[in-house]
Structure formats: structure tokens, C-alpha cells
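For the sequence shown, counting from 1, position 204 maps to 483 in the numbering used here; every step adds exactly one.
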Amino acid sequence: MREYLLTLCITAAVTYLLTGPVRKFAIVAGAMPEIRARDVHREPTPRLGGIAMFFGLCAGLLVADHLTNLSEVFEKSNEPRALLSGAALIWLIGVLDDKFEIDALIKLGGQMIAAGVMVVQGLTILWIPLPGVGTVALTQWQGTLLTVALVVITINAVNFVDGLDGLAAGMVCIAAAAFFMYAYRIWYSYGIEAAAPASLFAAILMGMCLGFLPHNMHPARIFMGDSGSMLIGLVLAAGAISVTGQVDPDVMKLFSGSERNAVHQMVPVYIPLLMPLTIIAIPAADLILAIVRRTWRGQSPFAADRGHLHHRLLEIGHSHSRAVLIMYFFSALIAFGALAYSVNAASMWIVLCVVFLSAIGLVLLLLPRFTPRAPRWAERFVPPRYRRGRSAVPAGEAAVAEDEAAEERVPVAAGVSGVNGATAVGPRSRTR
280 MREYLLTLCI TAAVTYLLTG PVRKFAIVAG AMPEIRARDV HREPTPRLGG
330 IAMFFGLCAG LLVADHLTNL SEVFEKSNEP RALLSGAALI WLIGVLDDKF
380 EIDALIKLGG QMIAAGVMVV QGLTILWIPL PGVGTVALTQ WQGTLLTVAL
430 VVITINAVNF VDGLDGLAAG MVCIAAAAFF MYAYRIWYSY GIEAAAPASL
480 FAAILMGMCL GFLPHNMHPA RIFMGDSGSM LIGLVLAAGA ISVTGQVDPD
530 VMKLFSGSER NAVHQMVPVY IPLLMPLTII AIPAADLILA IVRRTWRGQS
580 PFAADRGHLH HRLLEIGHSH SRAVLIMYFF SALIAFGALA YSVNAASMWI
630 VLCVVFLSAI GLVLLLLPRF TPRAPRWAER FVPPRYRRGR SAVPAGEAAV
680 AEDEAAEERV PVAAGVSGVN GATAVGPRSR TR
């Protein structure tokens, strides 16, 4: 565990320290698209944050290769090299898109090629466990198609949810934390070395997100761009593929005792089928709804709009920060709920806790304009908006004033001094 924590910390530190220089480079390179109609931010913000995240990934893999226990992962498995190859390709495509805005179909083809590169090097699904059937071995073509599909779906799901400051990085970090606990339990409790690569990928992914989040929280100083969102989506998919298709369920030796106990004990085997879906449940739902919505209107599935879940949270009255926290809450509820169920499927307390927390989440969704007030003795320690003594403004007048202020705000064009505390150099003539 200490070596995983060290790898996580090194990855986070490298990502955090490189994000500042990468931001300056993005400004000079002109990787600052002008404000689009579907954007939430009001000022041009540099992209290319994925550059820092990619070098954080490289640093994490390099450190892990020189640690005593984790170095065995590189000796016994080619999966880390497969991940690095696919990540480098998808990262390069993302950098080109952040700068030159390549076509969506070209990006889709690049995602499939990156997944194919990982498959060629051994990171693929070899078998899947099915309830009531057992372990089903896949042919080479079946494993390849299933692996490519999972990689492409995960990449685009993460890319679609990257619409608010800190949203994608935070949600993927929560998913990676749940997935790390699941993979580490399989490796440590059952002694299955094949689960070690998935644990390493999850730890590095957490480091990448944690190192980037301080620069990306609202108001964001830099965006990860497609170079970052597609990268973390690929790493997340690689961990799911590794633990799903590489770990042999028969090695766990769970078929003992009564039939009822065997069913409960087999839950950790079936969870790999659900875990990759639960950790991206919110992004995947957003992706499916976006495709249905756009095709229903006769548009391309890749046509951008303001109908994503985070946009709807803003429309019903939630603030930017509260919308992000609500998305965090439901992501953690689904991911850690599935994790808890994999540990003890027979416990009714888990189901009751999930139901109770879901009710709390629904209440939060229905109270978009609720503003908490701090007690008198604590008012000096909280921001002014939480103090009781501030001047009261009627709700109607406040709403009118806010609308008038929004109409008067004009997006700042790239190349104008004062963009998020910096001077933007090299304006872009094209809009997205």
C-alpha cells in the first residue's frame, strides 16, 4: 500500500507542478478558443491541461517501475507498456484537437486505433464471467471488439461530462478511488497478482486528477481539454479491462459451501461486469441521453449543445459549485455503493444506506436556491453571503438584477489582457 501511495503522490506532484508552465505555454500557443454559445465560462481559458496529466502518468509509471513490489508488475505483465502506448497516441490526438480542432470522426478513429494498440500489446478482455453460465472464454475477435467498444465508450463518456470547472477530474478521481479499493482487495485478499496492474492504473489516475484539480476548480485557470479528458477516460477503461478480462474467476476458489453462500461469494466475480459501468454511470447516462436527444432532432450525435446534465443543473437554479458537488455526490454514491455490495452482498444495511443517501441527493436537487445561514457566533469566519446581517434584497429584484448583469456581460476575446489573471497572447480567429 505504501508504494501505491508513493506513486499516487509523485504523479499528483508532477501533474500539479507542470500545470502552471503548461498554462503559460497554452496561452502563448493560442490554445484558447473563443467563447461558444454552449460554454459556461465567460472568459477565454487556456486548454492543453492534458499535457501535464500525461507527464504525470509517465512519472507515475517510471516511479512504480523502480519500486520493489510494483516493479514485478512490469516484469510479469506487459499491460503498463500497453497503457503507455495507447495513452501517448490518444494524448497526441487530443493535443492536436485542442489546438487545431480536428474532425469528430477523425478523433473517433484515433480512439479506436489507440484501443487497438493496447489490444495488440496484451491489454484485452480474454474472458467474461456470466451469472448462471460461468466463465466464458472469448475468441480473439470477440475480445478485441469488446475491448475497443469499452475504451471508446468510456473515453467519450468522460469527454461529454467535461463541461464544468473541476467536474470531469473530480468524477474520474472518485471512480478511480472506488476502483482502486476494489482491485486492491482482489489482489491483497485473494492473492491474485493479475489484479496488480489495475490497482496501479487506478492509483496513477487518482494522482493525475488530484494534481490537476487545484488548477481546474471554479473559477478554472486552465481546462484539461480533449488531451486530458480522453487521456483519463482511456486510463479508466484500461483498469476496467485489466481486472475484468485478465483475472480468472476460478483462481478465487469461491465455489465452496452451500449454494446460497456460493452465490453471495461469487459477487466479487460478477462485479467486474458492473463496476466499469457504475464508475462511469453518470457520464454514460449523459452520453446516451445526448445521442438520443441529438438524433431525435435530426442532428449529428457529435453536435455540441447545452443539454447535458450539468447544464440542466445550472438551468434549474444551482450555482456552478453546487452543480459540481451534486454530480460528485451521485458519482460517489453509485461507485462506492457497488463497491460495498461487492464486499458484502448479503447485508441489508448497504441497500438501506444507498436508499437513504439517494433521498438526500433528491432533496439537494429540489433545493437549488436554498442558502444556508451561519449562526451569529460563526459569521466572522464565513463568506458574507452566509451571514444573517447582510442587506435583504427581494427575490424578484435580485433575479432581475442578475439577468440584467448577465446581459451586460460581454465575453472577453482572446488576446485581451486580464484573462483569468494572465495576458492572453496569440488570439485564435476561429470559434468552436
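Quick reminder that beta carbons are idealized off the backbone N, C-alpha and C, glycines included.
Keep in mind that this is a model prediction, so the values were computed, not measured.
Proximity to Glu598 [Cα-Cα], best of Leu644, Asp565, Ala564, Val630 | In the sequence shown, the residue the question calls residue 598 occupies position 319. The identity of residue 598 in the sequence shown is Ser, whereas the question assumes Glu. The shortest C-alpha separation from Ser598 is found at Leu644.
Any idea if Gln419 is buried or exposed, counting beta-carbon neighbours within 10 angstroms, 16 or more meaning buried?
-> Here residue 419 refers to the residue found at position 140 of the sequence shown. So Gln419 counts as exposed.
For Ile369, which three-state DSSP category applies?
-> Within the sequence shown, numbered from 1, the residue matching residue 369 stands at position 90. In the three-state reduction of the DSSP assignment, Ile369 falls in the helix class.
Nearest-angstrom Cα distance between Gly518 and Ile432?
-> As a position in the sequence shown, residue 518 is number 239, starting the count at 1. As a position in the sequence shown, residue 432 is number 153, starting the count at 1. Cα to Cα, Gly518 sits roughly 14 angstroms from Ile432.
What separation, rounded to the nearest whole angstrom, lies between the Cα atoms of Ala394 and Val427?
-> The residue you call residue 394 lines up with position 115 of the sequence shown. The residue you call residue 427 lines up with position 148 of the sequence shown. C-alpha separation (whole angstroms): 5 angstroms.
Buried/exposed call for Leu606, threshold 16 Cβ in 10 Å = To locate residue 606, count along the sequence shown from 1; it is residue 327. The amino acid occupying residue 606 in the given sequence is Met; Leu does not appear at that position. Flag for Met606 reads buried.
Separation of Ala343 from Val437, as counted between CA atoms = Here residue 437 corresponds to residue number 158 of the sequence shown, with the count starting at 1. Here residue 343 corresponds to residue number 64 of the sequence shown, with the count starting at 1. If I take the Cα positions, the gap works out to 26 angstroms.
Mapping DSSP to helix, strand and coil, what is Thr403?
-> Numbered from 1 along the sequence shown, position 124 holds the residue referred to as residue 403. Here Thr403 sits in coil by DSSP.
Residues that Ala416 bridges to, as DSSP identifies them | On the sequence shown, residue 416 is found 137 positions in, with the first residue counted as 1. According to DSSP, which records beta bridges pairwise, Ala416 is partnered with Trp406.
Which residues in the same chain as Cys632 place their Cβ atom closer than 7 angstroms to its Cβ, once the five residues preceding and following it in sequence are excluded?
-> Position 353 of the sequence shown, counting from 1, holds the residue named residue 632. Around Cys632: no qualifying Cβ.
Considering Ala482, what are the terminal residues of the alpha helix (DSSP H) in which it resides?
-> Within the sequence shown, the letter at position 203 stands for residue 482. Residues 475-495.
Measure the C-alpha to C-alpha separation of Val522 and Leu349 and round it to an integer number of angstroms.
-> Position 243 of the sequence shown, counted from the start, is the residue given in the question as residue 522. Position 70 of the sequence shown, counted from the start, is the residue given in the question as residue 349. One C-alpha to the other measures close to 16 angstroms.
Please check the pair Thr294 and Gly490, which I expect to be a contact at CB under 8 angstroms, by giving their CB distance rounded to whole angstroms.
-> In the sequence shown, counting from the first residue as 1, residue 294 sits at position 15. In the sequence shown, counting from the first residue as 1, residue 490 sits at position 211. Thr294 to Gly490, Cβ: 3 angstroms. Contact.
Would you kindly check if the distance between the Cβ of Ser508 and the Cβ of Arg457 is under 8 angstroms?
-> Here residue 457 is taken as the residue at index 178 of the sequence shown, counted from 1. Here residue 508 is taken as the residue at index 229 of the sequence shown, counted from 1. Before going on, a small fix: residue 457 reads as Ala here, not Arg. No; because the gap between Cβ atoms is not below 8 angstroms, this pair is not in contact.
Proximity below 8 angstroms, CB of Ser478 to CB of Tyr283 | In the sequence shown, the residue the question calls residue 478 occupies position 199. In the sequence shown, the residue the question calls residue 283 occupies position 4. Yes, the Cβ-Cβ distance between Ser478 and Tyr283 is below 8 angstroms.
Taking just the CA atoms, how far does Ile407 sit from Thr414?
-> Residue 414 sits at position 135 when you count from the first residue of the sequence shown. Residue 407 sits at position 128 when you count from the first residue of the sequence shown. Roughly 6 angstroms separates the two Cα atoms.
Assuming Met487 contacts Met332 (C-beta within less than 8 angstroms), just tell me the rounded distance between them.
-> One-based indexing of the sequence shown puts residue 487 at position 208. One-based indexing of the sequence shown puts residue 332 at position 53. Contact holds; Cβ gap of about 5 angstroms.
By Cβ distance, which residues of its chain are closer than 8 angstroms to Phe334, with the 5 residues on each side in sequence left out?
-> Within the sequence shown, residue 334 is the residue found at index 55, counting from 1. So the qualifying residues of the chain are Val293, Thr294, Leu297.
Which value, in whole angstroms, describes the spacing of the CA atoms of Asp444 and Glu594?
-> Here residue 444 refers to the residue found at position 165 of the sequence shown. Here residue 594 refers to the residue found at position 315 of the sequence shown. So the alpha carbons of these two residues sit roughly 16 angstroms apart.
When the Cα atoms are used, what is the spatial distance from Ala430 to Ala454?
-> The count along the sequence shown starts at 1 and reaches residue 430 at position 151. The count along the sequence shown starts at 1 and reaches residue 454 at position 175. It is Val, not Ala, that sits at residue 430 in the sequence shown. C-alpha separation (whole angstroms): 15 angstroms.
Are there 16 or more other CB atoms within 10 angstroms of the CB of Pro562, so buried, or fewer, so exposed?
-> Taking the sequence shown and counting its residues from 1, one reaches residue 562 at position 283. If you draw a 10 Å sphere on the C-beta of Pro562, you find 16 or more other C-beta atoms in it, and that means buried.
Starting from the Cα of Gln421, find the closest Cα among Arg572, Val398, Thr290 and give me that residue.
-> In the sequence shown, the residue the question calls residue 421 occupies position 142. If we check each option's Cα against that of Gln421, Val398 comes out closest.
Following the continuous alpha helix (DSSP H) through Trp466, name the residue where it begins and the one where it ends.
-> By 1-based counting over the sequence shown, the position of residue 466 is 187. 446-469 is the extent of the alpha helix (DSSP H) around Trp466.
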